[in-house]
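Chemist: Per full-length UniProt numbering, the sequence shown runs over residues 1 to 182.
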Amino acid sequence: MIDAQTRGQNANPQWIEERAFRLTASNFGSICKMRSTASRAKRGEQLLYSNFFGNTATKYGVENDGVAIKDFEKIYNVAVNPCGFFIHSSHPYLGASPDGLAGNDGIIEMKCPKCKNFHPRDAIQKGIINFATLSNNDDMILKQNNNYYYQVQRQLEVANREYCYFVVRSPMGMLVERVSSN
Numbered sequence: 001m002i003d004a005q006t007r008g009q010n011a012n013p014q015w016i017e018e019r020a021f022r023l024t025a026s027n028f029g030s031i032c033k034m035r036s037t038a039s040r041a042k043r044g045e046q047l048l049y050s051n052f053f054g055n056t057a058t059k060y061g062v063e064n065d066g067v068a069i070k071d072f073e074k075i076y077n078v079a080v081n082p083c084g085f086f087i088h089s090s091h092p093y094l095g096a097s098p099d100g101l102a103g104n105d106g107i108i109e110m111k112c113p114k115c116k117n118f119h120p121r122d123a124i125q126k127g128i129i130n131f132a133t134l135s136n137n138d139d140m141i142l143k144q145n146n147n148y149y150y151q152v153q154r155q156l157e158v159a160n161r162e163y164c165y166f167v168v169r170s171p172m173g174m175l176v177e178r179v180s181s182n
């Protein structure tokens, strides 16, 4: 199974190779939100042949995901198992790389934004984090029009899972939303 052979994700050459010619979950939002006048062929080409290997924000996230997962496991008493790249069972040109597997039916997607001086709740309130809002109970709600929401939904479909723990963590704290497949 490709999942097992591609663990370690961006540190694994096979992971890089498997996702090279597939539309990945992380790009799903930008595809869904394309204007009708945009060239789908050109956008597909940009995604499939991209030279993007990260920036300071993605590097920060990768460096902090491991600590964030350990914190999540401890606080929420949920075991997270490593995973690699998943290929859609009936559409092999689609793929996804969740940050981990949670139980038999879940995945985890970690976001460690560069807002280290703020608790994620405060960062949302101040508009530093703009991909989520807060409920009346101060629970995090991932915006359904945000690319991260599209990413989570595609990951759930490709990995054949029912829910995702969407985790936002800074050194000051953590917020979690359990997002169901729709």
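All C-beta atoms, glycine included, are put in the ideal place defined by N, C-alpha and C.
Tell me the rounded alpha-carbon separation between residue 133 and residue 3.
Modeler: Taking the first residue of the sequence shown as 1, we reach residue 133 at position 133. Taking the first residue of the sequence shown as 1, we reach residue 3 at position 3. Each residue's Cα considered, the two are about 33 Å apart.
Chemist: Helix, strand or coil: how does DSSP classify residue 79 here?
Modeler: Stepping through the sequence shown from its first residue, residue 79 is reached at position 79. The answer is coil: DSSP assigns residue 79 none of H, G, I, E or B.
Chemist: Name the one or two DSSP bridge partners that residue 166 has.
Modeler: To locate residue 166, count along the sequence shown from 1; it is residue 166. DSSP lists 109, 177 as partners of residue 166.
Chemist: Identify the residues that DSSP records as bridge partners of residue 101: which are they?
Modeler: Residue 101 sits at position 101 when you count from the first residue of the sequence shown. DSSP lists 81, 107 as partners of residue 101.
Chemist: With distances taken from CA atoms, which of 161, 126, 107 is nearest residue 176?
Modeler: Counting from one through the sequence shown, the residue named residue 176 turns up at place 176. Selected option, being the one with the closest Cα: 107.
Chemist: Excluding sequence positions up to five away, which residues of its chain have a Cβ less than 7 Å from the Cβ of residue 96?
Modeler: Taking the first residue of the sequence shown as position 1, residue 96 is located at position 96. If we look at residue 96 and ignore the five residues flanking it on each side, its Cβ neighbours are 24, 25, 86, 154, 155, 158, 159.
Chemist: Three Cβ pairs or more, each shorter than 8 Å: is that satisfied between the region 124-144 and the region 69-85?
Modeler: Taking 8 Å as the limit for Cβ pairs, the verdict is that the region 69-85 does not touch the region 124-144.
Chemist: Can the beta-carbon of residue 65 be found closer than 8 Å to that of residue 99?
Modeler: The count along the sequence shown starts at 1 and reaches residue 65 at position 65. The count along the sequence shown starts at 1 and reaches residue 99 at position 99. Taking 8 Å as the Cβ cut-off, residue 65 and residue 99 qualify as a contacting pair.
Chemist: Excluding five sequence neighbours on each side, which residues of the same chain lie with their C-beta closer than 6 Å to the C-beta of residue 116?
Modeler: Translated into positions along the sequence shown, residue 116 becomes position 116. Within the same chain, residue 116 has close Cβ partners 170, 171.
Chemist: So, with DSSP's three-state summary, where would you put residue 20?
Modeler: By one-based count along the sequence shown, residue 20 stands at place 20. Looking at residue 20 - three-state DSSP - the assignment turns out to be coil, as it is neither helix nor strand.
Chemist: Just to confirm before moving on: does the CB-CB distance between residue 110 and residue 79 stay below 8 Å?
Modeler: Translated into positions along the sequence shown, residue 110 becomes position 110. Translated into positions along the sequence shown, residue 79 becomes position 79. Not closer than 8 Å, so no.
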